[in-house]
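Chemist:
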Amino acid sequence: MTVLLNTQTVRFQDKAPINTTLVSSIKSFEYNQSLFEGALRQDKLEPLEIFKSNSGLSGVSFQDSRIELKNPSFNVVSDAFPRISSIHKGKVLGVIPKANKPKGKRVAVLFSGGPAAGGHNVLIGICDMLGKDNTLLGVRSGQKGLIRGDIFEISTEELNERRNGGGFDFLGTDRTKIKTIEQMAHVANTVKQHKIDAIVIIGGDDSNTNAAVLAEALFELNCAVIGVPKTIDGDLQVSRILPISFGFDTATKIYAEMVGNIIQDSVSSLKYWHFIKLMGRSASQVTMEVALQTMPAVALISEEIAKNHWSLNDIVDQITSAVVARHGTGVHHGVVLIPEGVIEFMPDFTGLIQALNEYLVQLAPELKNKSAEEKRQLVIKALPKEARIVFESLPNEFAADLLIDRDSHGNLQVSRIATEQLFARMVEERLAEIQADPSILRTKLHVELSPEAIGRLSVFNFASQTHFIGYEGRCGAPSRFDATFTYNLGIVAGALALEGKTGYMAAITDFHNGGRALAIPLTGLIRSELRDGKDVFVIEKALVDTDAPAFDYFTSRREEWAKSDCFSSPGPRQYWGPHANQMPISVALNQGYDSIYYSLGNSS
Ligand code: FBP
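Per this note's numbering, the sequence shown starts with residue 1359, numbered consecutively.
Listed below in structure tokens is the structure:
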């Protein structure tokens, strides 16, 4: 017998008139002003003690902090950046208050690269430091806007509407890199036309490298260029002087909330293994932090994979071992965290990706307008033997993912590679192999199971769900940490601009101890790398340090996390209440702090 469910539309016969008071409060949410956002707009931003004065923010001057950066590329960098290098001399600057601020300066600001939470507070920090006697200009659409001269004057009112708000929507952002002489000439024109004294570039490692290039090029025009460290990836860090970039805390808190919810679902539904890829580009900083916050069954760390030369098959075996071991104790669910850039770190893929990067440029005209399969065949023919073997062993859809266009910096767009699906599928296949031949367990996976457990495994129906969590975390409202951090980064950047200090990146450190403002010379961070016989300048990405305390702690706990469901669900980020001042766990561990609560300014 088939039972059909009758459905009906519930009708309000005695429809009440819409309440006008209710309507006006709902309408007030339009244009991004939810109740939550409205409350955030009212929240005060706290400057570090050193910037406080009776009338607005105190002016500051920059002085030698006695911290010196040793750059192994010193000679090459000095030759390429002679003007700014001769001023920087590798010295990190600290700040001291001074009575008066310069007047009449015009400072332009732009966002560059992917969005990160807190960008608007950087603008507020700059604006507050400039005060009424100077002018803040906004550049639309990143460095592209600088080339086009797409610039407008920013008002305090416009900024206040975005206080503590997420996103980069006020100015927009993009990934244009200023590299040609022609582009540089356009920028010089913009500087002259708008009488710009300083440009603040809010960006990641590539954008800050570009900031140094601009600082050198605009030196004669007396236009200072200043960087602000932004990226959710957490790969722009400088040991004790810049523990983290802004945006990382908010993104990892959002991801940790989502992962915590998924783990909670998995221990409730009792049937799925969830494979979750987390954004963060090459470095596994994001995955490490989310793992420390949520304690999943498995978390892959790309840097460890590279260090141990683990191949794709090794990793599949490791995950399968965890699945089998948990199955042996009656647990048929779990969560695997996968860093976005993991494939770049597997030795069998490194050569393939390098070869593909090269051939995709060389073969570009031939590949144009070809179908996916035609492209695959052309690439197979061009690849050297070892890379070809790996490429041909991949499922078709995954191989096609590897052929997508590179970004403007020539990077593989790892966010578009479906590694979470690849791992889920390969673990399923490996389990099927084991079910067909249980001796693999001992010979390949080195797992000993009782005959009874093997019997149960033979009827195990492995079910997986895959997720990619990334864009969800870049534009949320900044966590309390990021809100305060970004405001103060803006203040430092504003002060650097007023003082005409060119080629520096604003930094805040000592999060546990009131905060300390610093200015890092970009020429101390830039390294030269030989690529295709040419010197290329880069700020090296800060990857997960497998000798650092955060990684040590992670490895000391992960077996426990794999065995049992001792997970943690951190919930939404806190804005008010006792735990609003939590900073990233990996930062607290690596910096050697004694608490996970930060104190910046008066916030404690
Ligand atoms: P930035 O390094 O510019 O901050 O960008 C970070 C990031 O969010 C990465 O984690 C991710 O791989 C990439 O941007 C995605 O870029 P896009 O926004 O161009 O899709």
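Think of the CB as a built atom: it goes at the ideal place given N, C-alpha and C, for glycine as much as any other residue.
Among Arg1915, Ala1920, Gly1935 and Tyr1911, whose alpha-carbon lies nearest the alpha-carbon of Gly1950?
Modeler: Taking the sequence shown and counting its residues from 1, one reaches residue 1950 at position 592. Selected option, being the one with the closest Cα: Tyr1911.
Chemist: In or out: Thr1538 buried (at least 16 other Cβ within 10 Å) or exposed?
Modeler: Stepping through the sequence shown from its first residue, residue 1538 is reached at position 180. Counting Cβ neighbours within 10 Å, Thr1538 comes out exposed, since fewer than 16 surround it.
Chemist: Quick check: the Cα distance between Gln1366 and Gly1828, rounded to an integer number of angstroms?
Modeler: In the sequence shown, the residue the question calls residue 1366 occupies position 8. In the sequence shown, the residue the question calls residue 1828 occupies position 470. Gln1366 and Gly1828: Cα-Cα distance of roughly 39 Å.
Chemist: When DSSP builds the beta bridges, which residues end up paired with Thr1365?
Modeler: Residue mapping note: residue 1365 aligns to position 7 of the sequence shown, counting from 1. Partner(s): none; Thr1365 has no beta bridge.
Chemist: What did DSSP end up calling Gln1940 once you bin it into helix, strand or coil?
Modeler: Here residue 1940 is taken as the residue at index 582 of the sequence shown, counted from 1. If DSSP states are grouped into helix, strand and coil, Gln1940 belongs with the strands.
Chemist: Arg1533: beta carbon under 7 Å from a heavy atom of the ligand FBP?
Modeler: Walking along the sequence shown from the start, residue 1533 turns up at place 175. Yes, the ligand FBP has a heavy atom inside 7 Å of this Cβ.
Chemist: Does the beta-carbon of Leu1815 have 16 or more other beta-carbons within 10 angstroms, so that it is buried, or is it exposed?
Modeler: Here the question's residue 1815 lines up with position 457 in the sequence shown. By the 10 Å Cβ count, Leu1815 comes out buried.
Chemist: Between Ala1946 and Val1737, what straight-line distance do the alpha-carbon atoms span, to the nearest angstrom?
Modeler: Position 588 of the sequence shown holds residue 1946. Position 379 of the sequence shown holds residue 1737. The alpha-carbon atoms of Ala1946 and Val1737 are separated by roughly 46 Å.
Chemist: By a C-beta neighbour count over all protein chains shown, 10 Å radius and 16 as the cutoff for buried, is Tyr1389 buried or exposed?
Modeler: In the sequence shown, counting from the first residue as 1, residue 1389 sits at position 31. Exposed, by the Cβ-count rule.
Chemist: Give the DSSP-derived three-state secondary structure of Lys1553 in the structure shown.
Modeler: As a first step, residue 1553 must be located in the sequence shown, where it is residue number 195. Lys1553 falls in the coil class under three-state DSSP.
Chemist: One question on the structure: do Ala2050 and Gln1595 come within less than 8 Å of each other, judged by their Cβ atoms?
Modeler: Residue coverage of the chain in this structure runs from 1359 to 1962, which leaves residue 2050 outside it and unanswerable.
Chemist: Using CA coordinates, which residue listed in Ser1470, Ser1797 and Tyr1933 is at the minimum distance from Thr1589?
Modeler: Working through the sequence shown from its first residue, we reach residue 1589 at position 231. If we check each option's Cα against that of Thr1589, Ser1470 comes out closest.
Chemist: Measuring only from the beta carbon, is Met1616 closer than 7 Å to any heavy atom that is part of the ligand FBP?
Modeler: For the purposes of this step, residue 1616 is taken as residue 258 along the sequence shown, with counting starting at 1. Checking every heavy atom of the ligand FBP against the Cβ of Met1616, none is found closer than 7 Å.
Chemist: Report yes if the C-beta of Gly1452 is less than 7 Å from at least one heavy atom of the ligand FBP; otherwise report no.
Modeler: In the sequence shown, the residue the question calls residue 1452 occupies position 94. For the ligand FBP, not one heavy atom lies less than 7 Å from the Cβ of Gly1452.
Chemist: In chain order, what residues place their C-beta within less than 5 Å of a heavy atom belonging to the ligand FBP?
Modeler: Checking every Cβ against the heavy atoms of the ligand FBP under 5 Å gives Gly1471, Gly1472, Gly1562, Thr1589, Asp1591, Met1637, Arg1639 and Ser1773.
Chemist: Can you name, in chain order, every residue of its own chain whose Cβ lies under 6 Å from the Cβ of Gly1882, other than the five neighbours on each side?
Modeler: The residue given as residue 1882 occupies position 524 in the sequence shown. The residues are Leu1427, Asn1429 and Gly1448.
Chemist: According to DSSP, is His1870 helix, strand or coil?
Modeler: Residue mapping note: residue 1870 aligns to position 512 of the sequence shown, counting from 1. Three-state DSSP puts His1870 in coil, outside helix and strand.
Chemist: What is the DSSP secondary structure of Lys1665, reduced to helix, strand or coil?
Modeler: The residue given as residue 1665 occupies position 307 in the sequence shown. Reduced to three states, the DSSP call for Lys1665 is helix.
Chemist: Label Thr1687 either buried or exposed according to how many other C-beta atoms from any shown protein chain fall within 10 Å of its C-beta, with 16 as the threshold for buried.
Modeler: Residue numbering aside, residue 1687 sits at position 329 when the sequence shown is read from its first letter. The residue in question, Thr1687, is exposed, as its Cβ has fewer than 16 Cβ neighbours within 10 Å.
Chemist: Is the number of C-beta pairs between the stretch 1595-1612 and the stretch 1825-1843 that are closer than 8 Å three or more?
Modeler: yes
Chemist: Of all the options Asn1458, Pro1697, Leu1468 and Ser1443, which has the alpha carbon lying nearest to the alpha carbon of Ala1853?
Modeler: Working through the sequence shown from its first residue, we reach residue 1853 at position 495. Looking at the Cα atoms, Asn1458 is the closest of the given residues.
Chemist: If you follow the beta strand (DSSP E) that Gln1823 is in, where does it begin and where does it stop?
Modeler: Sequence index remark: in the sequence shown, residue 1823 carries index 465 (1-based). Residues Ser1822 to Ile1827.
Chemist: Three or more beta-carbon pairs under 8 Å between the stretch 1504-1521 and the stretch 1472-1490, yes or no?
Modeler: Segments in contact, yes.
Chemist: Report the option in Val1682, Lys1728 and Ser1773 whose CA atom is closest to the CA atom of Arg1800.
Modeler: Indexing the sequence shown from 1 puts residue 1800 at position 442. Comparing Cα positions, the closest option is Val1682.
Chemist: Suppose the cutoff is 8 Å on Cβ atoms and the five residues either side in sequence are ignored; what does the same chain contact list for Phe1818 look like?
Modeler: Here residue 1818 is taken as the residue at index 460 of the sequence shown, counted from 1. Correct list, in chain order: His1685, His1690, Leu1789 and Gln1793.
Chemist: Name the DSSP beta bridge partners of His1632, please?
Modeler: The residue you call residue 1632 lines up with position 274 of the sequence shown. In DSSP, His1632 forms a bridge with Val1693 and Gln1823.
Chemist: Using 10 angstroms around the beta-carbon of Gly1462, count the other beta-carbons present and answer buried if the total reaches 16, otherwise exposed.
Modeler: Your numbering for residue 1462 matches position 104 in the sequence shown. Burial call: exposed.
Chemist: How big is the Cα-Cα spacing for Phe1839 and Gln1651?
Modeler: Residue mapping note: residue 1839 aligns to position 481 of the sequence shown, counting from 1. Residue mapping note: residue 1651 aligns to position 293 of the sequence shown, counting from 1. Going by the C-alpha atoms only, they are around 16 Å apart.
Chemist: Could you tell me whether any Cβ in chain C is nearer than 8 Å to the Cβ of Ile1696?
Modeler: You won't find chain C in this structure, because it holds only one protein chain.
Chemist: Going by alpha carbons, who is nearest to Gly1873 out of Ile1884, Phe1749 and Glu1404?
Modeler: Your numbering for residue 1873 matches position 515 in the sequence shown. Out of Ile1884, Phe1749 and Glu1404, Glu1404 has the C-alpha closest to the C-alpha of Gly1873.
Chemist: Quick one: residues in its chain with C-beta nearer than 7 Å to the C-beta of Ile1798, no 5 flanking neighbours on either side, listed in chain order?
Modeler: Position 440 of the sequence shown, counted from the start, is the residue given in the question as residue 1798. Excluding residues within five positions, the ones whose Cβ falls inside 7 Å are Glu1791 and Ile1792.
Chemist: Give me the residue from Ala1556, Asp1564 and Asn1568 with the minimum Cα distance to Leu1579.
Modeler: The residue you call residue 1579 lines up with position 221 of the sequence shown. The residue with the shortest Cα to Cα distance from Leu1579 is Ala1556.
Chemist: If you check the beta carbons only, do Val1617 and Val1693 fall under 8 Å apart?
Modeler: Counting from 1 along the sequence shown, the entry for residue 1617 is found at position 259. Counting from 1 along the sequence shown, the entry for residue 1693 is found at position 335. Yes, the pair counts as a contact, with Cβ atoms nearer than the cut-off.
Chemist: Can you give me the C-alpha to C-alpha distance between Ser1962 and Gly1699, rounded to a whole angstrom?
Modeler: Along the sequence shown, read from residue 1 onward, the residue named residue 1962 stands at position 604. Along the sequence shown, read from residue 1 onward, the residue named residue 1699 stands at position 341. At Ser1962, the pLDDT of 46 sits below 50, so the modelled position is not reliable and the matter cannot be decided from this model.
Chemist: Quick check on DSSP: helix, strand or coil for Lys1588?
Modeler: Taking the first residue of the sequence shown as 1, we reach residue 1588 at position 230. Of the three classes helix, strand and coil, the one that applies to Lys1588 here is strand, per DSSP.
Chemist: Please name the residue, chosen from Ala1664, Asn1948, Lys1802 and Leu1760, that lies closest to Ile1733 on a Cα-to-Cα basis.
Modeler: Locating residue 1733 in the sequence shown gives position 375, counting from the first residue. Per the sequence shown, residue 1733 should be read as Lys rather than Ile. Lys1733 has its Cα closest to that of Leu1760, out of Ala1664, Asn1948, Lys1802 and Leu1760.
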